[in-house]
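Step one of this worksheet: look at the structure below.
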Amino acid sequence: MNTESKARANLLQSLNWALHDAMDADSSVIVFGEEVADPEGGGIVKVTQGLSSKFGNRVRSTPISEMAFMGTAVGAAVGGFKPVVEIMLMNFVAVCMDQITNHAAKLRFMSGGQTHVPMVIRTMTGSGTQNGGQHSDFLEAWFCHTPGIKVVAPSNPVDGYGLLRSAIEDPDPVLFIEHLPSYWLPGAAPERGSKVPIGKARIDREGRDVTVIGYSRAMHDIAPVAAKLTAEGISVEVIDLRTVSPLDMDTVLSSVKKTGRAVVVHEGVKSFGVGAEVSSRIHESLFRELKAPVARVASNDSPVPYAPPLEAAFLYSHAELEAAIRKTLA
Amino acid sequence: MNTESKARANLLQSLNWALHDAMDADSSVIVFGEEVADPEGGGIVKVTQGLSSKFGNRVRSTPISEMAFMGTAVGAAVGGFKPVVEIMLMNFVAVCMDQITNHAAKLRFMSGGQTHVPMVIRTMTGSGTQNGGQHSDFLEAWFCHTPGIKVVAPSNPVDGYGLLRSAIEDPDPVLFIEHLPSYWLPGAAPERGSKVPIGKARIDREGRDVTVIGYSRAMHDIAPVAAKLTAEGISVEVIDLRTVSPLDMDTVLSSVKKTGRAVVVHEGVKSFGVGAEVSSRIHESLFRELKAPVARVASNDSPVPYAPPLEAAFLYSHAELEAAIRKTLA
Amino acid sequence: MNAAEPDHKTLLAIYQKMALIKHSDDRVIGAMKAGRMQMPYYSARGQECIPAAISVLLNDEDYLVTIYRGVHDMLAKGLPAKLLWAELAGKATGSCKGKGGPMHLTYPSKGCMVTTGIVGASMPIACGLALAAQLRGETRVTVANFGDGASNIGAFHESLNLAAVWKLPVIFVCQNNQYAEHTSYAKGTSCERIADRAASYRIPGVRVDGNEPRAVYQAAHAAIARARAGDGPTLIEAMTFRFNGHLIGDMGEYIPKADYAAAKAADPYPRFRQWLQDQGHASDAELDAIDAAVRQEIDEAEAFAMSSPPPDAIEVKRDVYAYEIA
Amino acid sequence: MNAAEPDHKTLLAIYQKMALIKHSDDRVIGAMKAGRMQMPYYSARGQECIPAAISVLLNDEDYLVTIYRGVHDMLAKGLPAKLLWAELAGKATGSCKGKGGPMHLTYPSKGCMVTTGIVGASMPIACGLALAAQLRGETRVTVANFGDGASNIGAFHESLNLAAVWKLPVIFVCQNNQYAEHTSYAKGTSCERIADRAASYRIPGVRVDGNEPRAVYQAAHAAIARARAGDGPTLIEAMTFRFNGHLIGDMGEYIPKADYAAAKAADPYPRFRQWLQDQGHASDAELDAIDAAVRQEIDEAEAFAMSSPPPDAIEVKRDVYAYEIA
Ligand SMILES: Cc1ncc(C[n+]2csc(CCOP(=O)(O)OP(=O)(O)O)c2C)c(N)n1
Ligand SMILES: Cc1ncc(C[n+]2csc(CCOP(=O)(O)OP(=O)(O)O)c2C)c(N)n1
Ligand SMILES: [Mg+2]
Ligand SMILES: [Mg+2]
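One line per chain: the protein sequences are A, B, C and D, in this order.
Residue numbering for the first sequence follows the numbering used here, beginning at 1 and increasing consecutively.
Residue numbering for the second sequence follows the numbering used here, beginning at 331 and increasing consecutively.
Residue numbering for the third sequence follows the numbering used here, beginning at 661 and increasing consecutively.
Residue numbering for the fourth sequence follows the numbering used here, beginning at 987 and increasing consecutively.
This is the structure we're talking about:
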């Protein structure tokens, strides 16, 4: 990301700006979810703060009825609106999967294109805050495996703002994943109005020897490790997928074609995760060019534990990440 | 599968036998789900026929309340029973995901091993019967990506019987996937009482040139293609995973070590599917031994369509499967 | 307010819709038995009075959300028989290009917005369509159909509560045919009348004879007026029966013979036809003329469906997203 | 039957449990403020009367299922303070080895079966534990705790209906503290009283003052007797308030000052203490002795927690399945 930029902001602010700007720009944009209106605090971490005061009835706090309000978003989208609905924490998608996977993702296809569902599902997640087994999972792989819905997971304020604006304008449903512990990390401030296209990865750092691919919180782990290795003379190229589905394989493959080595990193558990798809596609396309097998660095195949030392053991460490990168170079 | 065996049976009968035998063997085995009791027909395809007449109150038809009865299975399991609960069609897991992924799969871990959830979720699915977008999906990848639950998908009566018996005895939750169009296919009859271990793949056909890996309905597509190629002198080894999670990589890797080539096949949509995990793991372990990249053959990345010609276009064809195998040999 | 009475013209309009639904259903089943068509078909024969009497109170702009057992709702709301038949036949000319089939019938230009195959799912989606109308300040209403069994699933509860709290213009229509697949009402449902559950949301709940056009019309009239006035949702429980089982092929062994006979005796179509004659609303000949016109429409629909081409394989790449996938 | 009255011994047992819950909560918050402990902590301070008055009617064999705001329920049912504190502190000696934390407290030997962090999820699981008891022909009952906001989620509806249809021995205890996170009761809930929703399932529903030990005791006594007799479930709505917000850190800006003051004035702990004295059930000194013993227990619990070792990293490989993963 453009670290030269003077203005600073964090992800939370940038998402709040994106929501304000989107609602200003298009009166069909509506927002609802638990606690999202100002009388309820403008969201439990205040991402939606100020919206209800400014846009009134277009912003509503809901009962704890995810199935109903997710379906309400689907219906409102079919009825001509662009709902941005919030699922407070990602694990709660499990109580409203049906409206997401059987309806939002499928209505365009099943209706033969007569209807479509331009909605955004915002949700936050991430381990490291002692929220335990039912409040911390990265479940993007479930939705990446669900044709008809797109999955976006920004790692910084600029992409957060630009991707949320694009997601809201997108004609199809988009799952927008926010990494909770990243909300308050300062970064370059977004330029109001500048959108980031869905489906386009970003070269975060250029390099020649190995390509490290990630998204969301993984980018904050990759950056210091890549910097360290670069200082040692290992030239690391870093790609932020930004959109997890559909994958921008053009960007990934042209990088790995150049480096001949790749490591995929994500917080979600390793087995049957996003890394498997990225790894398979690279092997399928660049089998002869690869100098080493594509490596995957992800979390332990278990629920997220509570105690801090176990949370640390659940997530990959920077040392593991560094070792995985070095191994591809061995 | 042992095609020498004289006695014949189909998957439906073998599953019904397994349920009868399991309930006979262990009074803590209970069965519930929509229409499963005999007054309601003993299941819509009659897999549970005769159980309620024989075991009375231990077998119950439920209201259309998947969230409640899935949670009831979780609670009964924590309370000492071994529930076998039926989700009529796999897409309906979406209305009760929370009890499966946030509870059944996690209680052992979150309680520090104080409780565990020995339950089986039986469900059926499969395209090719014009059931359309909300009644046909193979969603096993979602659960393979959920640590704490096992995923089993038999392809024939012998494995169906043996795996269901093992799943019911398993101390952890097992998702048991039945391929609807396969229920009535005749095959070798299971020997009553003979169990098939969970987590063990089966070499369905021995070969030297290429390994074709599948499970559930894919086995019925692989068999004729493998036979055709073998007749041409291409020696195809066929592996029926039977258990999709945890994967039996020992069997897979020792086969691919021998053949140097692999193709993974499943009905579920290709992207972010089970094939990606199998492919990644093979590449990670046998990168130097592989003579060609591991190929994936799976369904189109879309919802399941209704019209028969579109259903055919959704699923991979035998010709595509054959071509994919030949390509690894090119 | 005192109950609304359908006028002469309206009564005949209801009869026409009932005839259309009945004859279309008879013909679909005939085509299936003859092997000309094949599909998982959830016949609504016996329930035709409900959508017929409700839809005469609706405009094309009003929204409809229904379920797999929704052919009757769709025909009554205006889905052209030709497009229905072509969709059932899985043809490129079907309303959903053959991609949806009987469980996903859709036709927005007549307000036929969504058909779901998931029990309970029609209700949350109806809340969203109603919210759209409410936010636009329209008087447009949304009708959400579902069955008696669906009243036991969570989406029912969440939707009625949300619609009540937000005063959404939804008419929740429970078509109580007394069975959920093979499970009888009492085996799955703890309350005596589903309409009573409205009290949990402080909204009106009324049970009516769903085979009695005027009773359905009056309940719908009040509910629609209430919704158009911005006073919020209503739950209508319409008592009825499905004569052809859950799915074609269902032999109905689980239905006591006497109950089935009693239901047959209350078949809404011949009963209403007789009533119209007794009341002097129409002569035998006039009603025959309506039936004949309907049969003609179905002849054309079947011919259109049968002569239409199947969808092209490329269609599996289309409508997944706004763009065509690779 | 006429209302049951807790005897002298029982009243003091209730007081002891209330004191244990109150003092433990005060001390946890103190430890957090002092930086000795850190966690997402959902204080139940203000609600202690409900589990205290119910649990004196339960045996160790009776099952309890509760929610993230369930420390009070767990302590009342018998989770040892030491194991609670060690779990909150994320230590290897915690009841869940530090793997569960405040949202997943478990202790089967006292019937503390499941604590969930998912709103509504306690109710379906409670149905299953109750089914287990019913199938074994036991008189054991299951208590399912949940909040007012949870009465608007589908699992509530499905569970009460299933429990009613199967006559499951469950006591559904809605601890109505009038807020769901920052959302007031009326903003999310369409009915006047949650207890009224019992009518949708034809089961008894009663609202009581959850800060009044005898009222809670009497309602629970009737519900438990009914469940043990095999007559099925009951819904109890206990009116209460949470003094420390949704989560520690919540400043409660969304709570009208007057409402908060009124709730504070009805603080169940001092009120009950006063009542016991006024009624001559115990002297100041006797009650002080109970408090002192409880404080002593908590001192030991905190010391145990602080001096215990953290869990070993290998634990992330254990308890995923019966076997250790690679
Ligand atoms: C969530 C879900 N569970 C189960 C099913 C399978 N199923 C299809 S129709 C049906 C019965 C529905 O009964 P009712 O609501 O009374 O509607 P009816 O079919 O009688 O019109 C069931 C259980 C489903 N489609 N969706
Ligand atoms: C399904 C689900 N949705 C949302 C949440 C986030 N959440 C946690 S507690 C809570 C409020 C619950 O209110 P209530 O049921 O009244 O219980 P209380 O916290 O007041 O005891 C919410 C919305 C959740 N944990 N689960
Ligand atoms: Mg019905
Ligand atoms: Mg509350």
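C-beta atoms are modelled at their ideal positions from N, C-alpha and C, and glycine is treated no differently.
Only a predicted model underlies this, so the values are computations on that prediction, with no experimental measurement involved.
Go ahead and label residue i buried or exposed: buried means 16 or more other beta carbons lie within 10 angstroms of its beta carbon, across all protein chains shown.
i, result
"residue 108 of chain A", "buried"
"residue 513 of chain B", "buried"
"residue 934 of chain C", "exposed"
"residue 192 of chain A", "exposed"
"residue 90 of chain A", "buried"
"residue 848 of chain C", "buried"
"residue 1282 of chain D", "exposed"
DSSP on residue i, reduced to helix/strand/coil?
i, result
"residue 839 of chain C", "strand"
"residue 333 of chain A", "Absent from the model: residue 333 of chain A. The displayed extent of chain A is 1 to 330, so no value can be given."
"residue 1284 of chain D", "helix"
"residue 509 of chain B", "strand"
"residue 1023 of chain D", "coil"
"residue 71 of chain A", "helix"
"residue 1130 of chain D", "strand"
"residue 187 of chain A", "strand"
"residue 82 of chain A", "strand"
"residue 580 of chain B", "helix"
"residue 1 of chain A", "Per-residue confidence for residue 1 of chain A stands at a pLDDT of 44, beneath the threshold of 50, marking its modelled position as unreliable; no derived number is given."
"residue 987 of chain D", "Because residue 987 of chain D carries a pLDDT of 49, less than 50, the predicted location of this residue cannot be relied on, and the following value inherits that uncertainty. Looking at residue 987 of chain D - three-state DSSP - the assignment turns out to be coil, as it is neither helix nor strand."
"residue 614 of chain B", "helix"
When every heavy atom of ligand 2 is checked, does at least one fall within less than 8 angstroms of the C-beta of residue i?
i, result
"residue 1146 of chain D", "no"
"residue 1036 of chain D", "no"
"residue 1106 of chain D", "yes"
"residue 1309 of chain D", "no"
Relative to ligand 4, is the shortest distance from any of its heavy atoms to the C-beta of residue i smaller than 8 angstroms?
i, result
"residue 1054 of chain D", "no"
"residue 1166 of chain D", "yes"
"residue 1134 of chain D", "yes"
Identify the contact partners of residue i in chain B, using a Cβ-Cβ distance below 7 angstroms as the criterion.
i, result
"residue 98 of chain A", "424, 425"
"residue 1151 of chain D", "393"
"residue 812 of chain C", "393, 394, 395"
Please find out if some non-hydrogen atom of ligand 3 comes closer than 8 angstroms to the beta-carbon of residue i.
i, result
"residue 914 of chain C", "no"
"residue 706 of chain C", "no"
"residue 837 of chain C", "yes"
"residue 910 of chain C", "no"
Cβ of residue i within 8 angstroms of any heavy atom in ligand 1?
i, result
"residue 902 of chain C", "yes"
Could you work out which residues of chain B lie near residue i, taking near to mean beta carbons separated by less than 8 angstroms?
i, result
"residue 287 of chain A", "620, 622, 623"
Residue i versus chain B: which residues are under 9 angstroms apart at the beta carbon?
i, result
"residue 1145 of chain D", "395, 397, 398, 401, 402"
List the residues of chain A that residue i touches, going by C-beta distances under 8 angstroms, in chain order.
i, result
"residue 756 of chain C", "110, 111, 112, 114"
Residues of chain A with CB under 7 angstroms from residue i, in chain order?
i, result
"residue 1287 of chain D", "Correct list: empty, because the minimum Cβ distance to chain A is about 17 angstroms."
Got a sec: which bits of the stretch 455-477 of chain B sit with their beta carbon under 8 angstroms from any beta carbon on chain C, in order along the chain?
-> Contact residues of the stretch 455-477 of chain B toward chain C are 459, 460, 461, 462, 463, 464, 465 (C-beta to C-beta distance below 8 angstroms).
Just by C-beta distance, which residues in the stretch 854-865 of chain C are closer than 8 angstroms to chain D?
-> Against chain D - using a Cβ distance shorter than 8 angstroms - the residues of the stretch 854-865 of chain C are 856, 857, 859, 860, 861, 862, 863.
Interfacial residues, the stretch 1225-1242 of chain D to chain A, with Cβ spacing under 8 angstroms = Residues 1239, 1240.
Below 9 angstroms between beta carbons is the criterion; list the residues of the stretch 830-847 of chain C that meet it against any residue of chain D, in chain order.
-> For chain D, the residues of the stretch 830-847 of chain C that bring a beta carbon within less than 9 angstroms of one of its beta carbons are 846, 847, in chain order.
Report the residues of the stretch 29-46 of chain A with a CB closer than 8 angstroms to any CB of chain D, ordered along the chain.
-> Residues of the stretch 29-46 of chain A with a C-beta atom less than 8 angstroms from some C-beta of chain D are 34, 35, 39, 40, 41, 44, listed in chain order.
Determine which residues of the stretch 1028-1040 of chain D have a Cβ less than 9 angstroms from any Cβ of chain A, and write them out in chain order.
-> Going along the stretch 1028-1040 of chain D in chain order, one finds no residue with a Cβ nearer than 9 angstroms to chain A.
Residues of the stretch 295-307 of chain A with Cβ closer than 8 angstroms to any Cβ of chain D, in chain order = Residues are counted here when their Cβ sits less than 8 angstroms from a Cβ of chain D; for the stretch 295-307 of chain A these are 300, 301, 302, 303, 305, 306, 307, given in chain order.
Mind listing which residues of the stretch 728-748 of chain C have their C-beta closer than 7 angstroms to chain B's C-betas, in chain order?
-> Residues: none.
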